[in-house]
Amino acid sequence: MTEPGPRRTAWLGVAGGVLVALMSAALAGPESLEAPQSPQSPDATATRAVEGLLALYDFGVADGDRVVPDRSGVGEPLDLEIDRPERTRRRDNRLFIRKPVTITSREPARKINDAVRSSGSLTVEAWIRPRDDRQSGPARIVTLSADTVRRNVTLGQDGERWDLRLRTTSTSANGLPSTATGKSVRTVLSHVVATRDASGNAQIWVDGRRVASKKVRGELTAWDRSFRLCLANEVGGDRPWLGELHLVAIYGRALSAAEIRRNHAAGASADSPPPGLARAAPQHHFDARIAPILARHCLECHDSEEKKGGLDLSRKDAALAGGRSGKAIVPGDLEESLLWEEVEADEMPKKRTPLSPREKKLLREWIENGAPWTTDVIDRSAVALELPAEWVRRLTVPEYIATVRATLGVDVADEAREILPPDLRADGFSNTAYNLNVDLRHVEAYARLAEIIVERMDALEFAARFTKSRKLTDDNMREFIAKMGKWVFRGPLDGHEIDTLRGISTTVASAGGDFEEATRFILEAMLQSPRFIYRLEDQRGDGSLRLPGDHELAARISYIIWGGPPDRELARAADEGELTDPETVRAHVKRMLADPRGVERSLQFASEWLDLGRLENLRPDPERFPAWDDELAADMRRETLAFFEDLVWKQKRPLSELLNAQFTRATPRLARHYGLDPERGEAVEGSELARYDLSEVPSRGGLLTHGSVLTIGGDDASMVTRGLFVLHDILAGEVEDPPPGVDTTPVPAKEGMSRRDVSEQRLANPSCGGCHARFEPFAFGFEKYDGLGAHHEKDEHGNQQREDGEILFPGAEKAVPYRTTAELMNLLATSEPVRENVARKLTQFALGRPLIEADGPALEKILAEARKGGDDYGSLITAIVLSDLVQWTRTESD
């Protein structure tokens, strides 16, 4: 790479300040990224002002309902009607508007018009979340009007400003001149209040703070009594507003500053929130808070398998029934709840870390508030971690490579893998969002890669996709930056981002540079921006649900299916708001799965799920395994991926059949390692891996008999490690770590004592057997496979090896026997826990985070939808994309 010239060095010095500003947030990881702050939490003691209330809407209507009832209780109800309810979605008393609709009263809003004409004052209040800060017109949020030029009052959004148009005897019929704020629109839940008192003082308040004030002279007697009330549009349907409506209220007087702040403190609810746990949805509270406490501290001894003291806390009915000592949980009665008595005294869990003060507080409040238990069975695998439901996600190395290739047409795969720090595994995957931090090494790597990428590009050819002009004028560059940035950043830029990047072209122009040089520096800055490196979404962190924006949703879909950014067709659908239609989304999923990138992404999942990357670092004892080398390791990895691709994409079989499919794909060397005759392999066009029919080979069949998986047991083919792999990664079962101080040194096999004998001695030990019985029997069927997956009837000490056993599926009460490895594979492949866990693993990979208890209902729907499609990869991915886990967002608060 050549050294930069003097002029380039000078520009880098100025542009570097921009890059520092863009990257500073990324240095400490996602938590520090600049994002709009959410409004304060509701105050349980605050009550809403009711004097002078004329109309109130809280949108507690069901999806598809047309009528939005007036809940004010004042006079004749002024109900509203949604003209196209299919363009909206409703959840938790909020209305999500994704495409233009009108929400209008059928009759004139006479009770409002008459009251305001009489009082000469009014208040329009709205709890809202705009879709973006580019809606103009102004886009109508609340209006009493006839058309675009005749109105009594309108509260609207005009780009980054709130706008109040109010008709008086001194203004135009259109309410002009208006009262407008500065740049105060944010795409977070906002409390916007517009008032006008009898003296003519008009004010606009945002989140309890006055942001505009103006004298609007004249009388309100000019109001037209025939005008109707309309939300989210003009009455004629030509000034739409998109976003979330949480609450709208209209008063026949001007609320005082204290009343506005009190309404803000009360929150976006028509009723003041009651104290205690009732402020949160009971299911969300139990799933997100209580179930994890029980799973972490209680279920090791008190689940359906152990039931110490006769107490099972994993199931609702059993937990409320209690154990031999009496009632463990008495809803609403703390003193009679034996569980609380033990927990408060730090006597439970025994020989473990007691509950923290915060955990005790949550448990106490839960029991006092009636112990609402909304999950029949606690899924220990889903509640082992108490995690937020959403994360800001950095692109993984493969995603970065795919994003650069798709966005800019440059392949930097080799350089990225060499320069970028490797992604580390957490919770079974290396795309786990909370583990994808950015440190100084990343910053330096992204800067170097940005320069490499731009050097390989034809900057003018790329720029021509967004502008025909080569002028460095402000208007041209702002439009160019907005269009190019929208493509590079996978969504529209806000004004601040455009201003920041525009500063680079200004610097280049002032130093005598041209359009091409400005474009190059702007692209380098973009490639180092958090907007490119991260999959940024609006992370409000207030615990509420929201619909993701159109471009957020498009990025979610494309990274799930392709591991890369949206293509032009998906981006166009986002621009047009078409992704609100499930059938449109389904069609895009089908189209994208047919692309080779869909196959590549699925193989990334398989590699991550089975941790095939560890084969690159596997170093068996050369004295015991002299035939091992990197080539054999590569063959094992290629076998598993080719097998996965064959079954999933060519045969389109259910994913659970990965465990017992009677074929494999192998090189001649790997076939000989397995004891197969290379001459019997069926050649596959375009591949070095022949296909082997295993229907007559009882020792082989399915993923778990692949060398890539069996090597998990290490040189000694550990039954502990292999059994834990099946429990955790195939069945989603959980088992506690051994207590501190326990000797976990493996006991080796020897003459007269096979690995099975050692394991059975361990199971017979009261100190070990309780936990080891949950997973080691899964490995009994693999005793005949050595550390590298070769099959032997006797071990190296001459001990006869077995393959029979019995397994206890998680949550089951009775163990199921099996006689052979093949029977074990069939038991696993046909079991519901395996089917559920494969779906869970794929969902986790798609979301980039572990699933939590609150995700249970959505996962059940995914499983039901996938079953309709045959439980193959395509049906599962389609169900995941269309599920609430992708179509909705809940950000956790604490």
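For the sequence shown, the numbering used here begins at 1 and goes up steadily by one.
Positions of the beta carbon are idealized from the N, C-alpha and C atoms, including for glycine.
Less than 7 Å separating the Cβ of residue i from some heavy atom of the ligand ADP?
i           : result
residue 341 : As far as ligands go, the structure on display features none, and thus does not contain the ligand ADP.
Would you mind sorting residue i into buried or exposed? The rule is 16 or more other CB atoms within 10 Å of its CB.
i           : result
residue 474 : exposed
residue 708 : buried
residue 221 : exposed
residue 111 : buried
residue 584 : exposed
residue 752 : exposed
residue 638 : buried
residue 149 : exposed
residue 26  : Only weak support exists for where residue 26 lies, its pLDDT of 36 falling under 50; the value from the coordinates is given anyway. Buried, by the Cβ-count rule.
residue 118 : exposed
residue 590 : exposed
residue 424 : exposed
residue 916 : What the structure shows of the chain is the stretch from 1 to 894, and residue 916 is not part of that stretch, so it cannot be assessed.
residue 397 : buried
residue 582 : exposed
In the structure shown, what three-state DSSP assignment does residue i receive?
i           : result
residue 437 : coil
residue 652 : coil
residue 893 : Note that residue 893 has pLDDT 45, beneath the 50 cutoff, so the model's placement of it is unreliable and no number is given.
residue 263 : helix
residue 158 : strand
residue 895 : A question about residue 895 goes unanswered here, because the residues of the chain that appear run from 1 up to 894.
residue 745 : coil
residue 736 : coil
residue 497 : helix
residue 456 : helix
residue 406 : helix
residue 773 : coil
residue 279 : Unreliable positioning characterises residue 279 in this predicted model, as indicated by a pLDDT of 35, which lies under 50. The coordinate reading is nonetheless provided below. In the structure shown, residue 279 sits in a helix (DSSP, three-state: H, G or I).
residue 426 : strand
residue 445 : helix
residue 886 : helix
Where do the N-terminal and C-terminal ends of the beta strand (DSSP E) with residue i fall, by residue?
i           : result
residue 57  : 53 to 57
residue 193 : 190 to 196
residue 105 : 103 to 105
residue 95  : 95 to 97
residue 663 : 663 to 666
residue 171 : Neither: residue 171 is in no beta strand (DSSP E) and is coded neither H nor E.
residue 907 : Past the boundaries of the shown model lies residue 907; the chain is included only from 1 to 894, so the question cannot be answered.
Shortest alpha-carbon distance to residue i belongs to which of the options?
i           : options            : result
residue 176 : 208, 613, 138, 711 : 138
residue 502 : 522, 207, 589, 636 : 522
residue 517 : 457, 576, 494, 842 : 457
residue 298 : 763, 598, 351      : 351
residue 630 : 440, 670, 476      : 670
residue 289 : 729, 361, 675, 704 : 361
residue 348 : 296, 786, 396      : 296
residue 431 : 848, 852, 883, 888 : 848
residue 750 : 235, 154, 84, 716  : 716
residue 692 : 704, 665, 703      : 665
residue 775 : 796, 731, 761, 786 : 731
residue 115 : 223, 492, 612, 745 : 223
residue 370 : 332, 346, 392      : 332
DSSP has residue i in a bridge; who is on the other side?
i           : result
residue 753 : 750
residue 214 : 202
residue 818 : 805
residue 180 : 163
residue 127 : 191, 247
residue 230 : 104, 143
residue 82  : 103
residue 151 : 145
residue 377 : 315
residue 88  : 97
What is the residue span of the alpha helix (DSSP H) that residue i lies within?
i           : result
residue 796 : Looking at the DSSP string, residue 796 is not in any alpha helix (DSSP H), and its letter there is neither H nor E.
residue 785 : That residue, residue 785, is in no alpha helix (DSSP H); it is neither H nor E in DSSP.
residue 647 : Looking at the DSSP string, residue 647 is not in any alpha helix (DSSP H), and its letter there is neither H nor E.
residue 531 : 530 to 533
residue 866 : 856 to 868
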